[in-house]
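Let me begin by presenting the structure, written as structure tokens, before commenting on it.
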Amino acid sequence: MRWWGVVVAVSGMLLAACAQAEPGVARPTGGVWSDVQGRWWGWASVPEARNPVADRTGEFCGEGQPDDVWFVAGTFGGAVERTCEVPAGRPLVGPVVNRIGTSGECALFMADAKGQVSLDGVPVVPHEVGAVKTVVRAGADNSWDLRAGESRVTACGLWLWVPPLSPGRHELRFEGSTGKFHVAAVYRLKVVGERA
């Protein structure tokens, strides 16, 4: 099975050193990471021509986004810069580097996983998620060699969680590596609308 690092997302699980969660904005904990990982892998399990991980410019970053978070993605290896419009009121969530595999494969992957995240130049601490069971609803002809439909998988990675951003322009940067695999992403974000 192919595995790929994926970076930066909006919706979930990263402690921002510079940004505290607002009242009423829940930060994922424990089993919530299982759900978030499954949802993210499902979101990114589309054909490569429109896959947010393969996207070089940000053209596809808004496709298929859920209503409660905003997912970000890394790359299939290498660096990318994306420009995206994000609705206000949604936390950003995504992997700095991640994989699907067995518990043993995840242990080896995480032993060497490293990552850095910053929002508007301020460091954000990635959240380490060891091997957890999750359910992925993958589309046909996806880039991960997952069968179409629902699959139970084991997933792991370094993940980021950024609380909802104020309207206006922001820059999210992240990079991750494990072994010889390296990803880096810059998201130039325009947050539109008013916070709920």
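Read in order, the letters of the sequence shown correspond to residues -21 to -1, 1 to 175 in mature numbering (1 follows the signal peptide of the UniProt record, and there is no 0).
Built from N, CA and C at the ideal position, the CB exists for glycine as well.
- Item | Residues that Pro74 bridges to, as DSSP identifies them | Trp138.
- Look at the alpha carbon of Leu98 and the alpha carbon of Val32, and state the distance between them as a whole number of angstroms. 20 Å
- Message: Our contact map puts Glu107 next to Leu151 with C-beta atoms below 8 Å; I'd like the distance itself, whole angstroms only.
- Response: About 19 Å; that fails the 8 Å criterion.
- Message: Please classify Val(-14) as buried or exposed, where buried requires at least 16 neighbouring CB atoms within 10 angstroms.
- Response: For Val(-14), the predicted structure reports a pLDDT of 30, less than 50, and the residue's modelled location is therefore unreliable. A value from the coordinates is still provided. Buried, because 16 or more other Cβ atoms sit within 10 Å of the Cβ of Val(-14).
- Whole-angstrom distance between Val132 and Met89, CA atom to CA atom: 16 Å
- Query: By Cβ distance, which residues of its chain are closer than 7 Å to Gly21, with the 5 residues on each side in sequence left out?
  - Reply: Val115, Arg116 and Ala117
- Item | Where Phe88 sits in the DSSP three-state scheme | helix
- Task: Rounded to whole angstroms, what's the CA-CA distance from Val141 to Gly158? Just pull it up for me.
- Result: 26 Å
- Query: Quick one: what does DSSP say Trp49 is sitting in, helix, strand or coil?
  - Reply: strand
- Query: Quick one: Cα of Ala(-1) to Cα of Trp19, how far?
  - Reply: For Ala(-1), the predicted model reports a pLDDT of 37, less than 50, meaning its position is unreliable and no value from the coordinates is stated.
- Task: Would you kindly work out how many angstroms separate the C-alpha atoms of Trp12 and Ala163, rounded to a whole number?
- Result: 22 Å
- With distances taken from CA atoms, which of Ala127, Ala67 and Val111 is nearest Asp46? Selection Ala127, Ala67 and Val111 evaluated against Asp46 yields Ala67 as nearest (Cα-Cα).
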